[in-house]
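Chemist: Residues 1 to 569 in our numbering are what the sequence shown lists, from first letter to last.
Heads up, the beta-carbon is just placed ideally off N, CA and C, and yes, glycines get one too.
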Amino acid sequence: MSTSSLPYWPKGVPRALSLPQVPLTHYLQVAAERYPDKPAVIFCGSTLSYAALLSRVEALAGYLTQRLGVQRGDRVLLMSQNCPQYLVAYYGIMRAGGVVVPVNAMCNESEIRYFMQDSGARVAMVAQELLPQIMPLVKPDMTDALQAVLVHAYSEGLPEQAASDDVPDVVLAPRQWTETPGLHGLEDAIAQALPAPAQHPDSQDLCVLPYTSGTTGHPKGCMHTHASVLASNMASQVWRGLHMDSVFLAVAPLFHMLGMQGGLNVPITLGATVVMLPRWNAASAARLIEHHRVSAWAAPPAMLIDFFSNPAAAQRDLSSLAVLSGGGAAMPESVANVLQARFGIAYNEAYGMTETASFLLGNPLTRGKRQCLGVITPGVDARIVDPETLRELPVGEVGELVACGAQLMRGYWQNEPANQASFVELDGKTFFRTGDLASVDEEGYFFMRDRLKRMVNVSGFKVWPAEVENTLYEHPAVHEACVIAVPDAKRGENVMALLVLKPEFKGQLTEQAVIDWGRERMAVYKAPRIVRFVNSLPKSGTGKILWRELQEAERHASATDTAPTTNLL
Numbered sequence: 001m002s003t004s005s006l007p008y009w010p011k012g013v014p015r016a017l018s019l020p021q022v023p024l025t026h027y028l029q030v031a032a033e034r035y036p037d038k039p040a041v042i043f044c045g046s047t048l049s050y051a052a053l054l055s056r057v058e059a060l061a062g063y064l065t066q067r068l069g070v071q072r073g074d075r076v077l078l079m080s081q082n083c084p085q086y087l088v089a090y091y092g093i094m095r096a097g098g099v100v101v102p103v104n105a106m107c108n109e110s111e112i113r114y115f116m117q118d119s120g121a122r123v124a125m126v127a128q129e130l131l132p133q134i135m136p137l138v139k140p141d142m143t144d145a146l147q148a149v150l151v152h153a154y155s156e157g158l159p160e161q162a163a164s165d166d167v168p169d170v171v172l173a174p175r176q177w178t179e180t181p182g183l184h185g186l187e188d189a190i191a192q193a194l195p196a197p198a199q200h201p202d203s204q205d206l207c208v209l210p211y212t213s214g215t216t217g218h219p220k221g222c223m224h225t226h227a228s229v230l231a232s233n234m235a236s237q238v239w240r241g242l243h244m245d246s247v248f249l250a251v252a253p254l255f256h257m258l259g260m261q262g263g264l265n266v267p268i269t270l271g272a273t274v275v276m277l278p279r280w281n282a283a284s285a286a287r288l289i290e291h292h293r294v295s296a297w298a299a300p301p302a303m304l305i306d307f308f309s310n311p312a313a314a315q316r317d318l319s320s321l322a323v324l325s326g327g328g329a330a331m332p333e334s335v336a337n338v339l340q341a342r343f344g345i346a347y348n349e350a351y352g353m354t355e356t357a358s359f360l361l362g363n364p365l366t367r368g369k370r371q372c373l374g375v376i377t378p379g380v381d382a383r384i385v386d387p388e389t390l391r392e393l394p395v396g397e398v399g400e401l402v403a404c405g406a407q408l409m410r411g412y413w414q415n416e417p418a419n420q421a422s423f424v425e426l427d428g429k430t431f432f433r434t435g436d437l438a439s440v441d442e443e444g445y446f447f448m449r450d451r452l453k454r455m456v457n458v459s460g461f462k463v464w465p466a467e468v469e470n471t472l473y474e475h476p477a478v479h480e481a482c483v484i485a486v487p488d489a490k491r492g493e494n495v496m497a498l499l500v501l502k503p504e505f506k507g508q509l510t511e512q513a514v515i516d517w518g519r520e521r522m523a524v525y526k527a528p529r530i531v532r533f534v535n536s537l538p539k540s541g542t543g544k545i546l547w548r549e550l551q552e553a554e555r556h557a558s559a560t561d562t563a564p565t566t567n568l569l
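The following block contains the structure:
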């Protein structure tokens, strides 16, 4: 859709951006030169200035290249909860010319093994409590395993008075691991102060390879360059009026694109301050917003519902919050109304994907619509097309959302079949097929209607049923499995598994036993929260399980039940 047809385009926002031709690391260097003593990160009572942050990043880049042999384009796994070390590692990898492969801290050994093997990573940076999941992959003498792991403890660098009720024990834990072949201390590496490479990476170099699950059951790496990440980053800044004196709350996980951009790249690019929480804690978030006068917060609706339901939200001064944004799921109308009436805050809903480096569509700050993806943002062309013919559909009709813009990934890592299926040429431009069914109204606002692909949205995390089903079929008792999405008042959706057991296991197994089994083999957000044993699953004439029929039946059943109401009083 052309921006010329949008009657409510925000005043002062350009229709297209003059995008920079520099890498992300350039902005950290500039911020350190401009604001050397300004807090870059505030974390559990500690403050890291821009000058100190740059010094640590440069030293880490020197160690990665000179001691661990990381070369331009090499992939490096990064697995940790939110902390200053994550930021140092992220930018240190890029400054070395490497490519960050962010790994969800909830992933287990088999999932990490897949990311390592598919990306070809031979170096990892990991928080110490996650070492048990990664140690089986560390084999310094083998070329197809992790040869080196840099380990950090969150407590390294914290002041002695950091201990308090709202600082998790895992953050306060001292260094607990011992050096063995292949393990290196992050602080030890930085202390060597080895010089970083003379040249920064190029703007068109790959900088991050986040994985997104797919309908085939195998996650796919999204190839993002410094330029594509910056395109999304810059558009978000301009759209939301963010600036160098904005104060960001970073609570959404930094390994997820929402947290990575809204709590890491956008603030650093601006030279702003990040107030960081290691784990979600509503009372701590309220205290930090008041104390540090936080003005910008990117969070999924589930987190905000929990936050504003907590008594601490009503007891703290939240008047500094100017931009409360996010996506991943629609904000419930009732909750949005309470936010506006009680707290004077309008939730700015937006739409993006891992494939688009997060920001793609957005609601104008002064004229947003509820449960709406927003309008196209600077430099973006988005259309609703017939999924079969790719013909653009008129206003109001439901079709597949396709998009074109500088924030599009270069493609899926070493997966040409997926690229062929996901990109199309329309009017001489390359569009990405989102797999989401949507419609656009007469004012140019897009609304989600359904999903062309199967997907469960758990608190903003994508879970593809095929991946979960593949794991469930490894259970000796499972004959058939169908995974569907069911509504959840807090998380948006939950993962539900409908299972047909093999005859010899009927009556010998409980649903809870399967739930526990799943949590041992999958990240917690992927594992089914609900399991139901059934005698059979409905199938089409060709033998395919009718998952949509099962999902609609469960949604209808949920709608007729008395749903719990969210208390924001």
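Using a Cβ distance threshold of 8 Å, determine whether the region 82-91 contacts the region 35-55, with at least three qualifying pairs required.
Modeler: Because the criterion of three Cβ pairs below 8 Å is met, the region 82-91 and the region 35-55 touch.
Chemist: Using 8 Å as the threshold, is the C-beta distance between Tyr525 and Val463 below it?
Modeler: Cβ distance < 8 Å, so Tyr525 and Val463 count as in contact.
Chemist: Are the CB atoms of Val495 and Val458 nearer to each other than 8 Å?
Modeler: Contact: yes.
Chemist: Mark Ser236 as exposed unless 16 or more other C-beta atoms lie within 10 angstroms of its C-beta, in which case mark it buried.
Modeler: Buried, by the Cβ-count rule.
Chemist: Tell me, to the nearest whole angstrom, how far the beta carbon of Pro20 is from that of Leu230; I am working on the premise that it is less than 8 Å.
Modeler: Right, the Cβ-Cβ distance comes to about 6 Å (below 8 Å), so this counts as a contact.
Chemist: Would you call the CB atoms of Arg454 and Pro465 closer than 8 Å?
Modeler: Yes.
Chemist: Quick check on this structure: which residue in Pro417, Cys83 and Thr430 has the alpha carbon closest to the alpha carbon of Leu48?
Modeler: Of Pro417, Cys83 and Thr430, the residue nearest in Cα terms is Cys83.
Chemist: How is Asn108 classed by DSSP in three states: helix, strand or coil?
Modeler: Coil.
Chemist: Count Cβ pairs between the region 187-194 and the region 51-59 that sit closer than 8 Å; are there 3 or more?
Modeler: As far as the Cβ criterion goes, the region 187-194 touches the region 51-59, which means the pair count is three or higher.
Chemist: I'd like to confirm the pairing. Which residues does DSSP put opposite Pro102 in its beta bridges?
Modeler: Per DSSP, Leu78.
Chemist: Taking buried to mean at least 16 other C-beta atoms within 10 Å of its own C-beta, is Val534 buried or exposed?
Modeler: With fewer than 16 other Cβ atoms within 10 Å, it is exposed.
Chemist: Count the other CB atoms, across all protein chains shown, that sit within 10 Å of the CB of Ser558; report buried if there are 16 or more and exposed otherwise.
Modeler: Exposed, since its Cβ has fewer than 16 Cβ neighbours within 10 Å.
Chemist: Going by other Cβ atoms of all chains shown within 10 Å of its Cβ, with 16 needed for buried, is Lys539 buried or exposed?
Modeler: Its Cβ having fewer than 16 others within 10 Å, Lys539 is exposed.
Chemist: Take the Cβ of Asn567 as the centre, count every other Cβ of all protein chains shown within 10 Å, and call the residue buried at 16 or more, exposed below.
Modeler: With a pLDDT of 37 at Asn567, under the threshold of 50, the modelled position of this residue cannot be trusted; read the value that follows with caution. So Asn567 ends up on the exposed side.
Chemist: How about Val247 and Met303: do their beta carbons lie closer than 8 Å?
Modeler: The answer is no: Cβ separation not under 8 Å.
Chemist: Grab me the residues of Val13's own chain with a C-beta within less than 7 Å of its C-beta, minus the 5 sequence neighbours each way, in chain order.
Modeler: The answer, listed in chain order, is Val238, Trp239 and Pro378.
Chemist: When we look at the beta-carbon of Asn363 and count the other beta-carbons within 10 Å, is it buried (16 or more) or exposed?
Modeler: Buried: at least 16 other Cβ atoms inside 10 Å.
Chemist: Take every Cβ of the region 114-126, pair it with every Cβ of the region 137-146, and state whether three or more of those distances are shorter than 8 Å.
Modeler: The answer is yes - the region 137-146 touches the region 114-126, with three or more Cβ pairs under 8 Å.
Chemist: So, with DSSP's three-state summary, where would you put Gln66?
Modeler: In the structure shown, Gln66 sits in a helix (DSSP, three-state: H, G or I).
Chemist: State the CB to CB distance for the pair Glu392 and Arg383, rounded to an integer number of angstroms; the pair is presumed to be in contact (CB under 8 Å).
Modeler: Yes, Glu392 and Arg383 are in contact; Cβ-Cβ is about 5 Å, under 8 Å.
Chemist: Under a three-way DSSP split, which group does Glu349 fall into?
Modeler: Three-state DSSP puts Glu349 in a strand.
Chemist: What are the uninterrupted segments assigned as beta strand (DSSP E) that are 3 or more residues long and contained completely in the region 138-218, given in chain order?
Modeler: With a minimum length of 3 residues, the continuous beta strand (DSSP E) runs that stay inside the region 138-218 are 148-152, 183-185 and 206-208.
Chemist: How is Met276 classed by DSSP in three states: helix, strand or coil?
Modeler: Strand, per DSSP.
Chemist: Output needed for Gln371: all residues of its chain with C-beta closer than 6 Å, excluding positions within five of it in sequence on either side, in chain order.
Modeler: Taken in chain order, the residues that qualify are Ala330.
Chemist: Tell me the start and end of each unbroken alpha helix (DSSP H) in the region 283-341 that is at least 4 residues and wholly inside, in chain order.
Modeler: Whole alpha helix (DSSP H) segments, 4+ residues: 301-309 and 311-315.
Chemist: So, at 7 Å on beta carbons, what are the nonlocal neighbours of Tyr473 in its own chain, with the 5 sequence-adjacent residues on each side left out?
Modeler: The residues are Ala481.
Chemist: So Ala32 is in the alpha helix (DSSP H); what residue range does that whole segment cover?
Modeler: Segment Leu24 to Arg34, the alpha helix (DSSP H) holding Ala32.
Chemist: Would you list the one or two residues that DSSP bridges to Asp488?
Modeler: DSSP output for Asp488 lists Gly492 as bridge partner(s).
Chemist: Measure from the alpha carbon of Gln117 to the alpha carbon of each residue in Ala96, Arg75, Glu129 and Val149, then state which is nearest.
Modeler: Out of Ala96, Arg75, Glu129 and Val149, Arg75 has the C-alpha closest to the C-alpha of Gln117.
Chemist: Between the beta-carbon of Gln261 and the beta-carbon of Phe359, is there less than 8 Å?
Modeler: Yes.
Chemist: Could you tell me which uninterrupted beta strand (DSSP E) segments, each at least 3 residues in length, are contained entirely in the region 226-283, listed from first to last along the chain?
Modeler: For the region 226-283, whole beta strand (DSSP E) runs of length 3 or above, ordered along the chain, are 247-250 and 273-276.
Chemist: Mind checking whether Val100 and Leu131 have CB atoms under 8 Å apart?
Modeler: Taking 8 Å as the Cβ cut-off, Val100 and Leu131 do not qualify as a contacting pair.
Chemist: I'd like to know if the region 414-431 and the region 163-180 are in contact, where contact means that at least 3 CB-CB pairs between them fall below 8 Å.
Modeler: As far as the Cβ criterion goes, the region 414-431 does not touch the region 163-180, which means the pair count is below three.
Chemist: Just the Cα atoms here: how many angstroms apart are Asn233 and Glu160?
Modeler: So the alpha carbons of these two residues sit roughly 36 Å apart.
Chemist: With a 10 Å radius around its C-beta and 16 neighbouring C-beta atoms as the bar for buried, classify Val275 as buried or exposed.
Modeler: Counting Cβ neighbours within 10 Å, Val275 comes out buried, since at least 16 surround it.
Chemist: Between the Cα of Asp637 and the Cα atoms of Asp37, Glu179 and Ser155, which residue gives the shortest distance?
Modeler: Lying outside 1 to 569, the shown extent of the chain, residue 637 is not represented and no answer is given.
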